[in-house]
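Undergrad: Encoded as structure tokens, here's the structure I'll be asking about.
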Amino acid sequence: MSTYFQLRQQITNDLKNRTDLDQVIRNEIIERVSYYQPEGFTLHQSTDTSINTVAGTASYALPSTVVTVFGVWFLYVTNWIKLNKRSIEWMNTADNIQPAVKSPINNYSIYGKQIRFYPVPDAVYNIKLTV
Numbered sequence: 017m018s019t020y021f022q023l024r025q026q027i028t029n030d031l032k033n034r035t036d037l038d039q040v041i042r043n044e045i046i047e048r049v050s051y052y053q054p055e056g057f058t059l060h061q062s063t064d065t066s067i068n069t070v071a072g073t074a075s076y077a078l079p080s081t082v083v084t085v086f087g088v089w090f091l092y093v094t095n096w097i098k099l100n101k102r103s104i105e106w107m108n109t110a111d112n113i114q115p116a117v118k119s120p121i122n123n124y125s126i127y128g129k130q131i132r133f134y135p136v137p138d139a140v141y142n143i144k145l146t147v
């Protein structure tokens, strides 16, 4: 991640031979910040990897220290795969098939102090929470 001054210098280098650079740079910075803003990051964010799935189990208690979950990943072989956040309503609609669909997970939902995965995990996966 770049600092503000590194970002200014990079934009300056990209826009050589312009006389109105100051305003152009300010506009570009606002545009780039707006692009990444929904991801949210604070200095107090950390990761928690204490959840390990069990094949056939969809719901797990969140660690007691978790207040807000900003992102969820699962370790698939050697790669961390980001999961899609879904509403509990979406999850209830998608996960109503009996027997449950089991495969590597790609969706999660938070409800109270529980996290639920869909499809239902088909194996043991380590879960990483950005909290």
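Numbering (our numbering) for the sequence shown: 17 to 147. Every residue gets a Cβ at the ideal spot worked out from N, C-alpha and C, and that includes glycine. Being a predicted model, the structure only gives us computed values, none of them experimental.
1) Out of Ile-104, Val-88 and Glu-105, state which residue places its alpha-carbon closest to the alpha-carbon of Ile-97.
2) Is it the case that the stretch 22-34 contacts the stretch 106-118, given that we only count it when at least three CB pairs across the two stretches are under 8 Å?
3) What residue range does the alpha helix (DSSP H) around Tyr-20 cover?
4) If distances are taken between C-alpha atoms only, which option among Phe-86, Gln-130 and Tyr-134 comes closest to Gln-61?
5) What do you get for Thr-90, buried or exposed, if any count of 16 or more other CB atoms within 10 angstroms of its CB means buried?
TA: The relevant details are as follows:
1) What you label residue 97 is simply residue 81 of the sequence shown in a count that begins at 1. Here the closest residue by C-alpha is Val-88.
2) no
3) Walking along the sequence shown from the start, residue 20 turns up at place 4. Run containing Tyr-20: 20-30, per the alpha helix (DSSP H) assignment.
4) One-based indexing of the sequence shown puts residue 61 at position 45. That would be Phe-86, whose Cα lies nearest to the Cα of Gln-61.
5) Position 74 of the sequence shown, counted from the first residue, corresponds to residue 90. Correcting the residue identity first, residue 90 is Phe in this sequence and not Thr. That one is buried.
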